[in-house]
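K.L.:
Pasting in a structure now, in structure tokens, and then I'll have a few things to ask.
2 protein chains.
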Amino acid sequence: MLLDKNTRICIVGLGLLGGSYASALSRQGYRVTGIARRQESVDYAVAHGMIERGSAFVDEELLGEADLVVFSLYPHVFIDWIHENGSKLRPGTVITDVTGVKGCVVYEIQKSLPKGVEFIAAHPMAGRESSGIEYSDDRIFRGANYIVVPTEANSERAIEMCKALGETLGCKDISVLDVASHDRMIAFLSQLTHCIAVSLMCACDAPDLERYTGDSFRDLTRIANINDEMWSELFLANKDALLREMDAYRACFDELRDTIASGDREKMREMMRLSTKRRKRFDKKV
Amino acid sequence: MLLDKNTRICIVGLGLLGGSYASALSRQGYRVTGIARRQESVDYAVAHGMIERGSAFVDEELLGEADLVVFSLYPHVFIDWIHENGSKLRPGTVITDVTGVKGCVVYEIQKSLPKGVEFIAAHPMAGRESSGIEYSDDRIFRGANYIVVPTEANSERAIEMCKALGETLGCKDISVLDVASHDRMIAFLSQLTHCIAVSLMCACDAPDLERYTGDSFRDLTRIANINDEMWSELFLANKDALLREMDAYRACFDELRDTIASGDREKMREMMRLSTKRRKRFDKKV
Numbered sequence: 001m002l003l004d005k006n007t008r009i010c011i012v013g014l015g016l017l018g019g020s021y022a023s024a025l026s027r028q029g030y031r032v033t034g035i036a037r038r039q040e041s042v043d044y045a046v047a048h049g050m051i052e053r054g055s056a057f058v059d060e061e062l063l064g065e066a067d068l069v070v071f072s073l074y075p076h077v078f079i080d081w082i083h084e085n086g087s088k089l090r091p092g093t094v095i096t097d098v099t100g101v102k103g104c105v106v107y108e109i110q111k112s113l114p115k116g117v118e119f120i121a122a123h124p125m126a127g128r129e130s131s132g133i134e135y136s137d138d139r140i141f142r143g144a145n146y147i148v149v150p151t152e153a154n155s156e157r158a159i160e161m162c163k164a165l166g167e168t169l170g171c172k173d174i175s176v177l178d179v180a181s182h183d184r185m186i187a188f189l190s191q192l193t194h195c196i197a198v199s200l201m202c203a204c205d206a207p208d209l210e211r212y213t214g215d216s217f218r219d220l221t222r223i224a225n226i227n228d229e230m231w232s233e234l235f236l237a238n239k240d241a242l243l244r245e246m247d248a249y250r251a252c253f254d255e256l257r258d259t260i261a262s263g264d265r266e267k268m269r270e271m272m273r274l275s276t277k278r279r280k281r282f283d284k285k286v
Numbered sequence: 001m002l003l004d005k006n007t008r009i010c011i012v013g014l015g016l017l018g019g020s021y022a023s024a025l026s027r028q029g030y031r032v033t034g035i036a037r038r039q040e041s042v043d044y045a046v047a048h049g050m051i052e053r054g055s056a057f058v059d060e061e062l063l064g065e066a067d068l069v070v071f072s073l074y075p076h077v078f079i080d081w082i083h084e085n086g087s088k089l090r091p092g093t094v095i096t097d098v099t100g101v102k103g104c105v106v107y108e109i110q111k112s113l114p115k116g117v118e119f120i121a122a123h124p125m126a127g128r129e130s131s132g133i134e135y136s137d138d139r140i141f142r143g144a145n146y147i148v149v150p151t152e153a154n155s156e157r158a159i160e161m162c163k164a165l166g167e168t169l170g171c172k173d174i175s176v177l178d179v180a181s182h183d184r185m186i187a188f189l190s191q192l193t194h195c196i197a198v199s200l201m202c203a204c205d206a207p208d209l210e211r212y213t214g215d216s217f218r219d220l221t222r223i224a225n226i227n228d229e230m231w232s233e234l235f236l237a238n239k240d241a242l243l244r245e246m247d248a249y250r251a252c253f254d255e256l257r258d259t260i261a262s263g264d265r266e267k268m269r270e271m272m273r274l275s276t277k278r279r280k281r282f283d284k285k286v
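Taken in sequence, the protein lines are chains A and B.
Residue 286, in the working numbering, is where the first sequence stops; the numbers in between run on with no holes.
Residue 286, in the working numbering, is where the second sequence stops; the numbers in between run on with no holes.
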């Protein structure tokens, strides 16, 4: 049994992602409960059929019943939670998370858990610009990539259970990556893109530019609408990898700049052709 | 009469944009003809009801009949065309274009035209990654911005006719900008974004990254699939303005990089909040 309809799942943290997990799993017929900080989030989740029941405190009954607990919290909140409440998890429970960076949480969590409780790190490459359970939507998982990030401490059983969770959510391509490779990948694909969009909007100080804009600028800056609390934490949690990717990107940007300045059209076209060729691999397959 | 169903329109250049103009105008009941380099493009346009008739040479009969001629050509091809064939345009004709940069074409074209022929520069902020008439689609104009770029040589009548053309295509917000402001705006909103996307793909040399990617990377790099012939010409045609915008953006990117390196979370959040606030203005209103 990896994940079947008898598996009881508890979601800790009912925000955008936690709510979307709860929706997707309930819709698939799983019995899902939830724990949130605010009673309103619990009420909302129950009223919208996302969870059977839930509580706005660390409810040992809900945790005790759960075979799988999904933590959908900010990294430092997740770590604090485990330090304070980890002992309430029942031996035999598998826990997983949705944290976008892994090195900063996975080892600390794994060493803080009681014997018999296993943490397998994972997350979907999915999200929204808005936060809060009222924006949750299980369609964000459709065609999304899902990444499992095991360490040497993980069992095959937990890794397989976690892959099954990604499939159950509706994700398309389920991958397994080690922690360091994962955090490098995230620095490039996700964090660097947010840095670029934020920098571009900070450079955008002319008034009325929205009257002239086209879709390319809109698409590129969609993620410039950013949750500053969460992303500043994630950037610092993966600082070294992110700085390396920022510098590598900047070197390419500078190269293109100098190519334009010197009027070297053939070199410019070469970079554009490389860009076009590489970009084709990223078209979405749903 | 600015633009009515008696206005005869000839499109010179039947590629992605020329074909989309022809489709939109024919669908609105205008009598549209076309001139293209390749007979296949003419045949395609006729077969798909985009034009009534057309020719694969510079047909003086078609030009003589037209009240409005729309040039959908690369900048240097447009200039060469006018130098070689401008004398074939009938006095009283208004001509316009779709060129994304203006300083490099508008003065040269205006001084090369025969007396009585007026060039009013304009373009929609719309396009596609693919080129060629078979990708043309008049839906690209829906909700798009349209910009008229007059010089002192232009008459009110031609400016109004050009605005009416933008509305007829289905564009949403019709603006008027002087040449220098236009080229600065284009350098920032369009050319810089393409430079960013190309640089990011050039920095993307790890294999298999597409297995892990999310929508933010996909959206940001959509325009990294780029027509190198056209864009290298446009970059060089607007080089000074583009280099200024690249440098201003790079200064913001460097500021964010240093903020992350020094761990100054409050400053990072300040940049993210500015970014979020500014980005909200750019949401599409259709």
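Idealized CB from N, CA, C, for every residue including glycine.
Just to confirm, is the Cβ distance from L169 (chain B) to F188 (chain B) under 8 angstroms?
P.N.:
The answer is no: Cβ separation not under 8 angstroms.
K.L.:
T221 (chain B) versus chain A: which residues are under 7 angstroms apart at the beta carbon?
P.N.:
Result: R279 and F282.
K.L.:
Please list the residues of the segment 116-147 of chain B that have a C-beta atom closer than 8 angstroms to any C-beta atom in chain A, keeping them in chain order.
P.N.:
Residues passing the 8 angstroms Cβ filter: M125, A126, G127, A144, N145 and I147.
K.L.:
Is A48 (chain A) helix, strand or coil when you go by DSSP?
P.N.:
For the sequence presented, residue 48 (chain A) should be read as His rather than Ala. It is coil, neither helix nor strand.
K.L.:
What residues from chain B crowd round S262 (chain A), counting only those whose CB sits closer than 9 angstroms?
P.N.:
Chain B residues near S262 (chain A): none, gap ~10 angstroms exceeds 9 angstroms.
K.L.:
For the alpha helix (DSSP H) that T193 (chain A) lies in, which residues bound it at each end?
P.N.:
Residues T193 to C202.
K.L.:
Between K239 (chain B) and chain A, is there a C-beta pair that is closer than 8 angstroms?
P.N.:
True, the Cβ-Cβ gap to chain A drops below 8 angstroms.
K.L.:
Under 7 angstroms Cβ to Cβ from L25 (chain B), same chain only, skipping five residues before and after it: list those, please.
P.N.:
For L25 (chain B), where only same-chain residues beyond five positions count, the Cβ hits under 7 angstroms are I9, V32 and T168.
K.L.:
Indicate whether I133 (chain A) and G19 (chain A) have their beta-carbon atoms separated by less than 8 angstroms.
P.N.:
Yes, these two residues count as a Cβ contact at 8 angstroms.
K.L.:
Out of A:F119, A:W81, A:R281 and A:G263, which one is the CA nearest neighbour of A206 (chain B)?
P.N.:
Comparing Cα positions, the closest option is A:R281.
K.L.:
Look at G116 (chain B) and P91 (chain B) and say whether their C-beta atoms are less than 8 angstroms apart.
P.N.:
Contact: yes.
K.L.:
Could you round the C-beta distance between T213 (chain B) and N145 (chain A) to whole angstroms and report it? I think they count as a contact, below 8 angstroms.
P.N.:
So it is a contact: roughly 6 angstroms between Cβ atoms.
K.L.:
Give the single residue among B:L16, B:Y74 and B:G166 whose Cα lies nearest to the Cα of L234 (chain B).
P.N.:
Considering only alpha carbons, the answer is B:Y74.
K.L.:
Using the Cα positions of I35 (chain B) and S41 (chain B), report the straight-line distance between them to the nearest angstrom.
P.N.:
Answer to the nearest angstrom: the Cα atoms are 9 angstroms apart.
K.L.:
Can you say whether Q191 (chain B) is buried or exposed, counting buried as having 16 or more other CB atoms within 10 angstroms of its CB?
P.N.:
That one is buried.
K.L.:
To the nearest angstrom, how far is the alpha carbon of A197 (chain B) from that of M268 (chain A)?
P.N.:
Approximately 13 angstroms, taken between the alpha carbons.
K.L.:
Can you name, in chain order, every residue of its own chain whose Cβ lies under 7 angstroms from the Cβ of M1 (chain B), other than the five neighbours on each side?
P.N.:
For M1 (chain B), the predicted structure reports a pLDDT of 47, less than 50, and the residue's modelled location is therefore unreliable. The matter cannot be settled from this model.
K.L.:
So if DSSP puts S55 (chain B) in a beta bridge, which residue, or which two residues, is it bridged to?
P.N.:
According to DSSP, S55 (chain B) bridges with B:I35.
K.L.:
Taking I196 (chain A) as the query, report the chain B residues whose CB atoms sit under 8 angstroms from its CB, ordered along the chain.
P.N.:
In chain order: I196, L200, L220 and F253.
K.L.:
Determine the closest residue to A66 (chain B) out of B:F253, B:K5 and B:G15, with distance taken between C-alpha atoms.
P.N.:
Minimum Cα distance to A66 (chain B) is reached at B:K5.
K.L.:
Suppose contacts are defined by Cβ-Cβ distances below 8 angstroms. Is A261 (chain B) in contact with L243 (chain A) by that definition?
P.N.:
Contact flag set, yes.
K.L.:
With DSSP as the reference, identify every bridge partner of V70 (chain A), one or two as the case may be.
P.N.:
According to DSSP, V70 (chain A) bridges with A:I11 and A:T96.
K.L.:
Are the C-beta atoms of L274 (chain B) and some chain A residue less than 8 angstroms apart?
P.N.:
Yes, contact with chain A.
K.L.:
I'd like the span of the beta strand (DSSP E) that includes V148 (chain B), first residue to last.
P.N.:
Run containing V148 (chain B): N145 to V149, per the beta strand (DSSP E) assignment.
K.L.:
Just list the residues that DSSP pairs F119 (chain B) with in beta bridges.
P.N.:
For F119 (chain B), which the question treats as bridged, DSSP gives the partners B:I95.
K.L.:
Just checking: is the beta-carbon of G214 (chain A) within a distance shorter than 8 angstroms of some beta-carbon in chain B?
P.N.:
Chain B, which has a Cβ nearer than 8 angstroms to the Cβ of G214 (chain A), makes this yes.
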